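Going by numbering that gives the first Met the number 0, 293 is the number at position 294 of the sequence shown; the sequence numbering is gapless.
Think of the CB as a built atom: it goes at the ideal place given N, C-alpha and C, for glycine as much as any other residue.
Small disclaimer: the values here were computed from a predicted structure and weren't measured.
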Amino acid sequence: MKIAVPKERRPYERRVAITPDMVKKYKALGYDVAVETGAGSEASYPDEYYAAAGASIVGDTAVLLRDADIVLKVQRPMTEAEGRNETGLLKHGALLIGMLNPYGARQDLQTYARNDVTSMSMELMPRITRAQAMDVLSSQSNLAGYKSVLDAAEQFGRAFPMMMTAAGTVPPARVFVMGAGVAGLQAIATARRLGAIVSATDVRPVAREQVESLGATFVMVDSDETKQAETAGGYAKEMSDDYKRRQAELIAETIKKQDIVICTALIPGRAAPQLVSEAMLKSMKPGSIVVDLAVEQGGNCALSEAGKIVEAHHVKIIGHRNMASRIAVDASALYARNLLNFVTLITAKTGGTLAVDWNDEIVKAVTLTHQGAVVHPQFAPLS
Numbered sequence: 000m001k002i003a004v005p006k007e008r009r010p011y012e013r014r015v016a017i018t019p020d021m022v023k024k025y026k027a028l029g030y031d032v033a034v035e036t037g038a039g040s041e042a043s044y045p046d047e048y049y050a051a052a053g054a055s056i057v058g059d060t061a062v063l064l065r066d067a068d069i070v071l072k073v074q075r076p077m078t079e080a081e082g083r084n085e086t087g088l089l090k091h092g093a094l095l096i097g098m099l100n101p102y103g104a105r106q107d108l109q110t111y112a113r114n115d116v117t118s119m120s121m122e123l124m125p126r127i128t129r130a131q132a133m134d135v136l137s138s139q140s141n142l143a144g145y146k147s148v149l150d151a152a153e154q155f156g157r158a159f160p161m162m163m164t165a166a167g168t169v170p171p172a173r174v175f176v177m178g179a180g181v182a183g184l185q186a187i188a189t190a191r192r193l194g195a196i197v198s199a200t201d202v203r204p205v206a207r208e209q210v211e212s213l214g215a216t217f218v219m220v221d222s223d224e225t226k227q228a229e230t231a232g233g234y235a236k237e238m239s240d241d242y243k244r245r246q247a248e249l250i251a252e253t254i255k256k257q258d259i260v261i262c263t264a265l266i267p268g269r270a271a272p273q274l275v276s277e278a279m280l281k282s283m284k285p286g287s288i289v290v291d292l293a294v295e296q297g298g299n300c301a302l303s304e305a306g307k308i309v310e311a312h313h314v315k316i317i318g319h320r321n322m323a324s325r326i327a328v329d330a331s332a333l334y335a336r337n338l339l340n341f342v343t344l345i346t347a348k349t350g351g352t353l354a355v356d357w358n359d360e361i362v363k364a365v366t367l368t369h370q371g372a373v374v375h376p377q378f379a380p381l382s
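Structural data, given as structure tokens:
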């Protein structure tokens with residue numbers, strides 16, 4: 000069976016779904032691997048590295064995909080409406096695996112079903128122990144949290160650590176992280192390594208121990224509501240209006256003392272909650288920095304703009320798109336390993352062929368379309 004890896008063509012996307020090391024792993028599983036010319040160039044993986052690992056290098060996307068049994072992608076294929084019909088190039092019966100954005104691109108699911116493409120979306124990977132090695136959201140968010148602090152440090156006009164010199168003492172920067180998921184925890188750890196005084200907030204009480212274990216102070220509204228603030232899948236739930244009001248009051252008092260705010264709060268399938276209001280921005284010290292990792296889902300910070308660094312009320316608001324892609328070499332390596340672990344799960348023990356257990360909870364959680372129909376219960380048309 001043939002695995003094909005096309006070049007990613009969406010704006011701001013520098014990652015690739017396979018690395019040369021992973022080519023060798025797929026070959027060991029019994030698959031043939033074909034990679035489109037230039038697929039890894041933006042992530043510093045030249046074509047010759049793939050060829051040396053045993054992959055075929057194909058210069059034409061249509062030729063690459065026309066006989067591909069499995070197609071590995073970072074982001075969903077482009078459609079005819081977007082100017083390049085990659086979706087239409089997939090052969091009937093192909094298996095498409097990637098971060099397919101089913102919440103934001105539901106219309107694509109009907110296209111996959113019509114074309115008899117079995118599609119599996121890696122963002123829907125369940126938060127269970129057996130699936131940890133396949134959890135793309137965790138691997139990519141980890142790097143995004145790290146890069147967010149580096150981006151803040153680049154724009155910040157002061158140093159992070161305390162420095163005692165003959166000319167005087169430089170006080171440490173104060174960093175406030177909003178959302179203590181994977182990205183938030185990595186942001187805390189990175190800011191601490193740079194010498195900042197760090198505090199963090201989250202609606203989930205379980206986050207307190209994680210935050211404090213990294214040496215940061217936990218800031219949270221105590222409420223009975225927080226006991227049910229986490230979904231069975233490990234994600235934060237949207238809170239009541241009363242809780243949001245009380246939390247906003249606490250954040251308003253906290254944020255005016257900070258130099259840097261890292262916003263990481265996301266709710267799957269929903270617009271990102273706004274946590275930093277314009278009034279809060281006005282209260283911050285001149286030269287402060289806000290990094291909004293949720294900017295592509297509406298943003299946690301008022302006035303943030305996707306793809307821009309905005310300056311408002313003497314505060315810089317960083318809204319870079321696709322933060323993980325800004326550290327493309329490592330992001331690609333981790334993502335490619337996530338994919339390999341998943342493909343291994345659905346590969347026959349004899350190798351080289353698929354053996355999908357459609358009753359496996361991991362497979363059921365990520366499968367969007369199969370045998371000409373939308374099968375995921377969350378996205379299937381209402382009957």
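Worksheet item: For Ala190, which residues of its own chain have a beta-carbon under 6 Å away from its beta-carbon, when the five flanking residues on both sides are left out?
Response: The sequence position of residue 190 within the sequence shown is 191, counting from 1. Cβ within range, chain order: Val148, Val174, Val197.
Discussion item. Between the stretch 266 to 284 and the stretch 292 to 302, can you find at least three pairs of beta-carbon atoms closer than 8 Å?
Written reply: Contact between the stretch 292 to 302 and the stretch 266 to 284 is present, because at least three Cβ pairs lie under 8 Å.
Worksheet item: Taking the C-alpha atoms as reference points, what is the distance between Gln354 and Ile326?
Response: In the sequence shown, residue 354 corresponds to position 355, counting from 1. In the sequence shown, residue 326 corresponds to position 327, counting from 1. Inspection of the sequence shows that residue 354 is occupied by Ala rather than by Gln. Approximately 34 Å, taken between the alpha carbons.
Worksheet entry | Through-space distance from Met279 to Leu136, alpha-carbon basis | Counting from one through the sequence shown, the residue named residue 136 turns up at place 137. Counting from one through the sequence shown, the residue named residue 279 turns up at place 280. Distance between the alpha carbons of Leu136 and Met279: 29 Å.
Practice prompt. Mark Gln370 as exposed unless 16 or more other C-beta atoms lie within 10 angstroms of its C-beta, in which case mark it buried.
Written response: Here residue 370 is taken as the residue at index 371 of the sequence shown, counted from 1. The residue in question, Gln370, is exposed, as its Cβ has fewer than 16 Cβ neighbours within 10 Å.
Fill in: Helix, strand or coil at Thr117 [DSSP, three-state]
One-based indexing of the sequence shown puts residue 117 at position 118. Note: Thr117 maps to strand in three-state DSSP.
Item to complete: Go ahead and label Asp396 buried or exposed: buried means 16 or more other beta carbons lie within 10 angstroms of its beta carbon, across all protein chains shown.
Response: Any answer about residue 396 is impossible in this case: the structure gives the chain only from 0 up to 382.
Worksheet item: Which of helix, strand or coil does DSSP assign to Asp240?
Response: The residue labelled residue 240 in the question sits at position 241 within the sequence shown. Helix, per DSSP.
Discussion item. Going by C-alpha to C-alpha distance, which of Ile127, Thr164, Gly183, Gln131 sits closest to Gly144?
Written reply: Here residue 144 refers to the residue found at position 145 when the sequence shown is read from its first residue. Nearest C-alpha to Gly144: Gly183.
Practice prompt. Quickly, what does DSSP pair Ile69 with across the bridge? List them, please.
Written response: Taking the first residue of the sequence shown as position 1, residue 69 is located at position 70. According to DSSP, which records beta bridges pairwise, Ile69 is partnered with Ile2, Leu94.
Worksheet item: Straight-line CA distance for Leu213 to Ala188?
Response: The residue given as residue 213 occupies position 214 in the sequence shown. The residue given as residue 188 occupies position 189 in the sequence shown. Roughly 6 Å between the two C-alpha positions.
Fill in: Residue(s) in a DSSP beta bridge with Thr343
As a first step, residue 343 must be located in the sequence shown, where it is residue number 344. Beta-bridge pairing links Thr343 to no other residue.
Item to complete: Return the residue from the list Val57, Gly97, Asp59 that minimises the CA-CA distance to Arg75.
Response: Start at 1 with the first residue of the sequence shown, and residue 75 comes out as number 76. When only C-alpha atoms are compared, the closest one is Gly97.
Worksheet item: To which residues of the same chain is Pro170 closer than 7 Å at the C-beta, ignoring the five residues directly before and after it?
Response: The residue given as residue 170 occupies position 171 in the sequence shown. If we look at Pro170 and ignore the five residues flanking it on each side, its Cβ neighbours are Met161.
Fill in: Paired residues, beta bridge with Lys255 - DSSP
As a working mapping, residue 255 is identified with position 256 in the sequence shown. Beta-bridge pairing links Lys255 to no other residue.
Worksheet item: What's the gap between the Cα of Val4 and the Cα of Lys72?
Response: Walking along the sequence shown from the start, residue 4 turns up at place 5. Walking along the sequence shown from the start, residue 72 turns up at place 73. Distance between the alpha carbons of Val4 and Lys72: 6 Å.
Item to complete: Could you tell me if Asp59 is buried or exposed, where buried requires 16 or more neighbouring beta carbons within 10 angstroms of its beta carbon?
Response: By 1-based counting over the sequence shown, the position of residue 59 is 60. Under this definition Asp59 is an exposed residue.
Worksheet entry | Coarse secondary structure for Gln465, derived from DSSP in three states | Residue coverage of the chain in this structure runs from 0 to 382, which leaves residue 465 outside it and unanswerable.
Practice prompt. With a threshold of 16 other CB atoms inside 10 Å of the CB of Ala239, please say whether the residue is buried or exposed.
Written response: Numbered from 1 along the sequence shown, position 240 holds the residue referred to as residue 239. Just to set this straight, residue 239 is Ser in the shown sequence, not Ala. Counting Cβ neighbours within 10 Å, Ser239 comes out exposed, since fewer than 16 surround it.
Worksheet entry | Span of the beta strand (DSSP E), counted from its first residue to its last, around Ser198 | On the sequence shown, residue 198 is found 199 positions in, with the first residue counted as 1. From DSSP, the beta strand (DSSP E) with Ser198 extends over 196 to 200.
Discussion item. Please classify Val205 as buried or exposed, where buried requires at least 16 neighbouring CB atoms within 10 angstroms.
Written reply: Here residue 205 corresponds to residue number 206 of the sequence shown, with the count starting at 1. Exposed, by the Cβ-count rule.
Item to complete: Grab me the residues of Thr346's own chain with a C-beta within less than 6 Å of its C-beta, minus the 5 sequence neighbours each way, in chain order.
Response: Counting from 1 along the sequence shown, the entry for residue 346 is found at position 347. Answer for Thr346: Leu28, listed in chain order.
Fill in: Spatially closest choice to Val210 from Ala51, Tyr242, Gly156, Met177, by CA coordinates
Here residue 210 refers to the residue found at position 211 of the sequence shown. Cα-wise, what sits closest to Val210 is Met177.
Worksheet item: With a CB to CB cut of under 8 Å and the five nearest residues on each side skipped, what residues in its chain are close to Met77?
Response: As a first step, residue 77 is located in the sequence shown; it is residue number 78 there, counting from the start. Excluding residues within five positions, the ones whose Cβ falls inside 8 Å are Arg8, Arg9, Arg83, Asn84, Glu85, Thr86.
Worksheet entry | Same chain, Cβ closer than 6 Å to Gly339, five either side skipped, listed in chain order | Position 340 of the sequence shown, counted from the start, is the residue given in the question as residue 339. Note on identity: in this sequence residue 339 is Leu, with Gly being the wrong assignment. Result list for Leu339: Met21, Lys24, in chain order.
Fill in: Delimiting residues of the beta strand (DSSP E) encompassing Ser276
Against the sequence shown, residue 276 aligns to sequence position 277. Run containing Ser276: none; DSSP gives neither H nor E here.
Practice prompt. Determine, using beta-carbon pairs with one atom in the stretch 38 to 47 and one in the stretch 356 to 364, whether at least three such pairs fall under 8 Å.
Written response: Segments in contact, no.
Worksheet item: For Tyr11 versus Ser303, is the C-beta spacing smaller than 9 Å?
Response: Your numbering for residue 11 matches position 12 in the sequence shown. Your numbering for residue 303 matches position 304 in the sequence shown. Taking 9 Å as the Cβ cut-off, Tyr11 and Ser303 do not qualify as a contacting pair.
Practice prompt. Identify, in the order they occur along the chain, each residue of the same chain with its Cβ nearer than 6 Å to the Cβ of Ser382, setting aside the five sequence neighbours on each side.
Written response: Mapped onto the sequence shown, residue 382 falls at position 383. Any reading at Ser382 needs caution, since the residue's pLDDT is 38, under 50, leaving its predicted position unreliable; the model's value is listed next. None.
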